[in-house]
Amino acid sequence: MNAPLSRQWDTLRQSRNRRLERAASLGFGREIPVDRTIDLLEAVIQPGDRVCLEGNNQKQADFLAESLADCDPARLHHLSLVQSVLALPSHVDLFERGLANRLDFSFSGPQGARVAKLVQEQRIEIGAIHTYLELFGRYFLDLTPSVALIAAQAADAAGNLYLGPNTEDTPAIVEATAFKGGIVIAQVNERLEKLPRVDVPADWVDFTVLAPKPNYIEPLFTRDPAQITEVQVLMAMMAIKGIYAEYGVKRLNHGIGFDTAAIELLLPTYAADLGLKGKIATHWALNPHPTLIPAIESGFVESVHCFGSEVGMDNYVAARSDVFFIGADGSMRSNRAFSQTAGLYACDMFIGSTLQMDLAGNSSTATLGRITGFGGAPNMGSDPHGRRHASPAWLKAGREAYGPNATRGRKLVVQMVETFREHMAPVFVEELDAWQLQKVMGADLPPIMIYGDDVSHIVTEEGIANLLLCRSPEEREQAIRGVAGFTPVGRARDIRAVENLRDRGVIRRAEDLGIDPRQASRDLLAARSVKDLVRWSGGLYAPPSRFRNW
Amino acid sequence: MNAPLARRSWFEATARARIKGLLDAGSFAEILPPAAAEPSPHLAQLDLPGAFDDGVVIGCGRLAEKAVFVAAQEGQFMGGAVGEIHGAKIVGLLRRAVEEKPAAVLLLIDSGGVRLHEANAGLIAISEIMRAVLDARAAGVPVVALVGGSCGAFGGMGIVAKLCSAILISEEGRLALSGPEVIETVMGVEEFDSKDRALVWRITGGKHRYLMGDCAMLVDDDLAAFRAGAVAYLGEHSEPPPSLAELRASQRRLENRLAAYGQLRDGLEVWAALGVADPQSVPLLERDELVALKEGLPT
Amino acid sequence: METLDFRFDSKPAGSAAAPALCGVVGSGNLEILIRTGDDPAACRLSIKTSARGFADTWRAVLGDFAATHAAGGTTIAINDMGATPAVVTLRLAQALAEYRGGQL
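Right, here's the structure in full:
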């Protein structure tokens, strides 16, 4: 008979208990006095810990991030950070000050240049750059946090948390941490005797601290209709007629640019005139975009599930509980993990914009000297081969891609770009900057946002290219050149090949869709200013000050 | 289902679209149209492309059958700033009004003031406009400022606006001397945060100016509303002869105002001092509600 | 600033009563003035642009316009403040329609 292996099976729990005892010995209860936050962090975090700092492109645990950055690097060092987005200067300070040296993340947006510099100086070792879903997935496999620092709207005396409309990543982070021997610390905006609802139960939370000011939220999804151009209106008209109507797209996700904002504002006008109400764009995985208000008010939209919320939209969203996901307490609960899942598997279309696209259709928002990462776009902007349930749009795209006897459908992944960006920078290029970036950063792969073989359509001011109908790499290349306008890539087209693709309907110009470009007027937009959006909302939308002109 | 679709925004319109929406259909005859005009020689020397009309459209037309002269600044071209040719066109129009006596001169102001690229020529142009406005009024021709463009009426054009017989303004319109960015640059962000747009509008915006009595009329941001406002104003107004007594009374009103509100920091405080019960609600009131509110205030 | 001049063959636009103006010299925008020229089979264009170094792109955009529209017999003057080719193409079409009497 073999002797049983002698090993400890609860080291995580024991470690957790030692940390809690250290905190208790310093006199800490569950509610931490704000001026002792650093003492607590130094007591419960250990060198080498994996720390999840909640922060994404909206809600930020900014006070805890600053407090962690102010800890003593002699006590806390070699931390490994896992987080959705490096958005705040304090996130990067952690590496500059020698507290942390390893990073797994999704997106670094405004801190992209500082991150790139630290990587080159070998002061940040990047584990990997993920999509949101991959990172959330790894929280439950091999990147489980030892300590999670999160942001909540309110806590009660027991330590239950109310997360409010910006629920976002918190449920995923807390669940991974609390059930694997980790410590959860929440900064809260207020303490309440009774919470409107409980989003995180008290026994998943170890400490709460009342932050000196409410956690920062970036109004990232607000697009001022005043800035939408006639060219964007033209592209939106082509997209609605040539893709939304053509495929009967009902379930979808939009990117955050002005191109897709133009589509949202044409739904109650142009699309309604085409008789498309109820036939397209009814179910959404989308943040509460203010530019979707006119479509909602016009009865175009049946359901919207949100990744997060949006500054100023809370009252409007709460008053439209048939459309949004609203708790019994009357406020929205968002959830990034579930909405991303919906975007990946339950949507028939993703449509978004990009900064660069090559002749294979690969696109990237990476530019030299900046490591920005991916966020959620690659999940939503990809055709999931694991999907099984059918829908008319998915089946039609599948038949176009794989022939009449196709055994699977195809997600529509649409890239919508004007051929030149500001300062005459061409979007269509022979080679993406991403390749040079890969070399400079010594990364395993170039940071491609949407892979070319996932892209189904490209919409530019010159027309729509349907890549599903292309039968060879050469055809794809000419289809892309054929809508690349006057960029060098577009001017190098094979004119006869492009005309042939147009005859086959692979490329469709505005006139092929029955659209006269001169009719592309801002007058078609359901709202032409932020104030129009406020009016549409019946005064429920309260835009942030920076978007006001009244 | 909602009203926004019906509106044709003045704020968003070009100078030419504003004139078209303001005057009787087909009545506008442009003086020095683009094909006949010269772009600014100063901008060419600075290697900048000019505009055929140098950023201002002038001409004659009819408003509810009355003959009027119009000058409309294009805010999208160099912030509507006044250069030498731009200014000369406005001055010429006002001088012609002294001779031809139209029912009014309408100044569609959308300008940050002097075009700094043209330095002294721009400064002189502004002072000539001021003199020409007063000359026209002295000749019995009302000069009415319409303010509702994205650049507002700032700097020298803010002064010009205040020299007019009356100002019609929309909520989106702004009227002041130094612009918010200038104040922030000179005095610091603690004095004035120019990025806090709600604050900017509480201090320079149309509603505040109307509540303070700086503007004769508050109109909706809509071409038709500006037209209706101008028609209504000209229907009632006759230009009084210049009078020293009225200037002295004006001066007293301004001194009293400075004494009463000079220490206040925000439109919200001023409105409270004016007797507005719920100042916070003012920015969200519709135009008609605000006009009713002002009429109910103690005087 | 750069000044560019082009001449392209183009089908006659027909005569128009008055010059036509379209657009505004604002950021990312341009103004286009179309007048009657002297050669009914050619379109002459003169551009003042704030963006240097894009003569080839202008030639391609304007050449395509002259080839696909009846713009012969016109003289076109452009003041440009960094408009993209998409905007230039759209404005040219709008200006020509206006010049020919507002027919779309």
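Protein chains in written order, with the working numbering: chain Z, 46 to 595; chain C, 227 to 525; chain F, 676 to 779.
No residue lacks a Cβ here, since even glycine has one placed at the ideal position from N, Cα and C.
Keep in mind the model is a prediction, meaning the values are calculated, not measured.
*Per-residue DSSP class, three states only, for ALA193(Z)*: strand
*Distance, Cα to Cα, ASN228(C) vs LEU737(F)?*
Low local confidence applies: a pLDDT of 43 at ASN228(C) is under 50, so the model's placement there is unreliable, and no value is given.
_Measuring only the C-alpha atoms, how far is PRO466(C) from GLY247(C)?_
29 Å
*Just the C-alpha distance for MET413(C) and ARG491(C), rounded to the nearest angstrom, thanks.*
14 Å
*Run through DSSP, which three-state label would ASN754(F) get?*
strand
_Near-chain Z residues of the segment 502-517 of chain C (beta-carbon distance less than 8 Å), N- to C-terminal order_ = For chain Z, the residues of the segment 502-517 of chain C that bring a beta carbon within less than 8 Å of one of its beta carbons are PRO509 and LEU510, in chain order.
*Would you list the one or two residues that DSSP bridges to CYS390(C)?*
Here CYS390(C) is not bridged, per DSSP, to any residue.
*So which residues on chain C does TRP595(Z) lean against when the C-beta distance must stay under 7 Å?*
Those are GLU397, GLU398, TRP427, GLY431 and PRO509, listed as they occur along chain C.
*Using the Cα positions of GLY497(Z) and SER384(Z), report the straight-line distance between them to the nearest angstrom.*
24 Å
*For GLY276(C), return the contacting residues in chain F, with the cut-off set at a CB-CB distance below 7 Å.*
ASN754
*Taking the C-alpha atoms as reference points, what is the distance between THR759(F) and VAL276(Z)?*
10 Å
*Cα separation between GLY204(Z) and ARG236(Z)?*
9 Å
*Could you give the distance in angstroms between the alpha-carbon of GLU213(Z) and the alpha-carbon of ALA239(C)?*
Straight-line Cα distance between these residues: approximately 40 Å.
*Does the Cβ of ILE707(F) have 16 or more other Cβ atoms within 10 Å, making it buried, or fewer, making it exposed?*
Under this definition ILE707(F) is a buried residue.
*Answer with yes or no whether the minimum CB distance from ARG268(Z) to chain C is below 8 Å.*
no
*asked:* Contact defined as beta carbons within less than 8 Å: I believe CYS390(C) pairs with VAL370(C). What is the distance between those atoms, to the nearest angstrom?
replied: 6 Å
*Which residues mark the beginning and the end of the alpha helix (DSSP H) in which GLY348(C) is found?*
345-364
*Any heavy atom of the ligand GTP within a distance shorter than 7 Å of the CB on LEU163(Z)?*
Ligands are entirely absent from the displayed structure, and the ligand GTP is therefore not among its contents.
*Anyone know if the C-beta pair for CYS377(C) and GLY276(C) falls short of 8 Å?*
Not a contact, by the Cβ cut-off of 8 Å.
_Please report whether the beta-carbon of ARG573(Z) lies at a distance below 8 Å from any beta-carbon of chain F._
no
_I need the boundaries of the beta strand (DSSP E) containing LEU720(F), first residue and last residue._
717-724
*Measure the C-alpha to C-alpha separation of LEU779(F) and ILE285(Z) and round it to an integer number of angstroms.*
With a pLDDT of 41 at LEU779(F), under the threshold of 50, the modelled position of this residue cannot be trusted; read the value that follows with caution. Whole-angstrom Cα-Cα distance: 22 Å.
*Does DSSP classify VAL130(Z) as helix, strand or coil?*
strand
*Sort LEU139(Z), PRO118(Z) and HIS175(Z) by Cα distance to VAL160(Z) and report the nearest one.*
LEU139(Z)
*So, does the CB of ALA345(C) fall closer than 8 Å to a CB anywhere in chain Z?*
no
_Selection of the segment 549-577 of chain Z by Cβ proximity to chain C, strictly under 7 Å_ = ALA571, ALA572, ARG573, SER574 and ASP577
_Between the alpha carbons of ILE174(Z) and GLY418(Z), how many angstroms are there, rounded?_
Across the structure, ILE174(Z) and GLY418(Z) are spaced so that their CA atoms are roughly 6 Å apart.
_Chain-ordered chain F contacts of GLU519(Z) [CB-CB under 9 Å]_ = Correct list: empty, because the minimum Cβ distance to chain F is about 23 Å.
*chain C contact residues for GLY584(Z), given Cβ-Cβ distances below 8 Å*: Residues of chain C passing the Cβ test: LEU510.
*What residue does the beta strand (DSSP E) around LYS292(C) start on, and which one ends it?*
292-299
*asked:* At the level of alpha carbons, what is the spacing between LEU57(Z) and ARG432(Z)?
replied: 37 Å
*Proximity test, Cβ basis, 8 Å: ARG61(Z) and chain F*: no
*Is the beta carbon of LYS104(Z) less than 8 Å from the beta carbon of ASN260(Z)?*
yes
*From the DSSP output, read off the bridge partner residues of TRP329(Z).*
LEU297(Z) and VAL349(Z)
_Boundaries of the alpha helix (DSSP H) in which LEU437(C) is found, first to last residue_ = 432-437
*How would you list, in chain order, the residues of chain Z whose beta-carbon sits under 8 Å from the beta-carbon of ARG423(C)?*
SER590, ARG591, PHE592, ARG593 and ASN594
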